[in-house]
Amino acid sequence: MKLTLGSVQKFPVELMLIGFIFLLLAITQQAVLMLGVVAIGVAVAGLLPFSRSIQLIIFLIPCLAPFSTNPYLPVSLATLIYLAVLGRYLLTEGGRSQYYLPGIIAALVLIGFELLHIIYNPVVFSSKTIRWLLLFLLVVMLIFDKRKYASFAQLRFAFLLGFVFSTLFGLLSQVFHPEVVYNTNVIQRFSGAAGDPNNFGLFCLLLVFFYLPSQPRERISISQLALCAALLGVGAITVSRSFFLVTSFSLLLYFVLYFRTAIGEMVYRSVVFFAVLVVLGFVLYWHGAATELAIFERFSSDNAADLTGARSTIFVEYLTLFTQLDLSFLLFGAGINGYLGYYNHFFLNNNVFTEVVGPHNTYIELLVSFGLLGSFIFLYFFYLCFKAEKIRTSTQQIYAISLLPLIVFSLYCLSLQNLGKYTSYLLLLMIILNTCRAKHE
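This note's numbering puts the first residue of the sequence shown at 935, with every later residue one more than the last.
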């Protein structure tokens, strides 16, 4: 596979235009520019081929933070673009599409499950729930639609383009509008236009494995290696423990799976790989002797709560309260859009936390949202997503190496809450397409 612009059928000029508006926003901080982005996005959804709409919503995944900080609406302006894409799909594509029926049924059961929570947890009845249902429905239809409107290479390029502009947005924002830090002990972390360093690191690693071969011993070009090295370099400035831990584990696992058919060669390359790690470790140590690396400081703690950013404490409190609630909450949960208000009502009244705190863990989020019964239904839906793509592409064999993006996403779920974010389901769409992508794509 050659990393060229020829990997897409037509260069997405509209994405470049939106990207440059993002850069102007980073320099000027004029929120009115976001209205221009919304106007372009809605125009793309209404006027261009539907494949361009899908590329657009993938492009926006790493760039959503500027949409949320707007003075015009209490919700993210990006929601308007996603709703426009949903409307376009229903008007022009949905009526003549064929779907993988078991997946659609499972998705409708999940939607019904979420609405069921209104009966005993009124917090779920909100405009937030309606937005989530509509955008969840959009991604579900794209996943189970037997037609694919854009190739994986096109979507991957759009994702990369969005990541590049997200990175440039973050860098320009720091140059023209540097954040004032009054506490010298605070470690500044980079998040681009993603809004969160962990999310930014996740996007970086997913792109790395989207561009690396998904089959053992497939040729890796110099351009692929250069791109992956650049992505990892950008990801390192997040100063994220999750990024460094997941990167180390996933790259080592990829290395083993890539050379799994040649044990002798794998041993030889393992020695080379170990030598490179030693040299890299020496360079980092030498650099740290002159200027202390923030990532070393973030790892140097004997307190579990410090090392996990207090996530271990939050996890315990959520799990403890979950086991103390009524049977209905144990079996069915409090709802994706209802658990946060319900659980924090107890936390604040009992002085467990002084502010609203999310679980920062997708697995405990799944448990408190859907309960024990609903969690099994959600996992079955998750399985059907991959099965539908395997049937659509007539894939005979799925290599373990192609599951690396799924493993990366699963590991990041230990430090992120993803169920309520529609972008998480778009990432799931990309991961599914990657799993069954053709050789050399």
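We put the CB at the ideal spot given by N, CA and C, even for glycine.
- For E1299, the uninterrupted alpha helix (DSSP H) run begins and ends at 1296-1327, by DSSP.
- Burial check for M950: the Cβ neighbour count within 10 Å stays below 16, so the residue is exposed.
- If the five residues before and after T1257 are omitted, its C-beta is found closer than 8 Å to the C-beta atoms of L1264, all from its own chain and listed in chain order.
- Secondary-structure assignment with DSSP links Y1033 through a beta bridge to D1079.
- Cα atoms of F1304 and F1310: separation of roughly 9 Å, rounded to the nearest angstrom.
- Excluding its 5 nearest sequence neighbours in each direction, G1028 has C-beta neighbours in its own chain below 7 Å: M1075, listed in chain order.
- Of the residues assessed, E1048 falls on the buried side of the cut-off, its CB having 16 or more other CB atoms within 10 angstroms.
- In the three-state reduction of the DSSP assignment, T1288 falls in the coil class.
- A residue is called buried once 16 or more other Cβ atoms fall within 10 Å of its Cβ, and F945, having fewer, is exposed.
- Contact between G970 and I955 holds, with the beta-carbon distance rounding to 6 Å and staying under 8 Å.
- In the DSSP assignment, F1343 falls within the alpha helix (DSSP H) that extends over 1338-1346.
- Two segments are said to touch when three or more pairs of C-beta atoms, one from each, lie closer than 8 Å; by this definition the stretch 1120-1139 touches the stretch 1160-1180.
- Contact between the stretch 1053-1072 and the stretch 1010-1022 is present, with at least three C-beta pairs closer than 8 Å.
- Straight-line spacing of the CA atoms in Y1083 and A1244 works out to 43 Å.
- Counting only runs of 4 or more residues that sit fully inside the stretch 1109-1197, the alpha helix (DSSP H) segments are 1131-1145, 1156-1170, 1175-1192, in chain order.
- L1253 and G1269 have their C-alpha atoms spaced approximately 15 Å apart.
- Sequence-distant partners of L1050 (beyond 5 residues in either direction) whose C-beta falls short of 7 Å from its own C-beta, in its chain, are F1266.
- A direct Cα-Cα distance of roughly 11 Å separates S985 from A1092.
- Beyond the five residues adjoining it in sequence on each side, T1357 comes within less than 7 Å, by CB distance, of I995, L998 in the same chain, given in chain order.
- Under the three-state reduction of DSSP, P1293 is assigned to coil, being neither helix nor strand.
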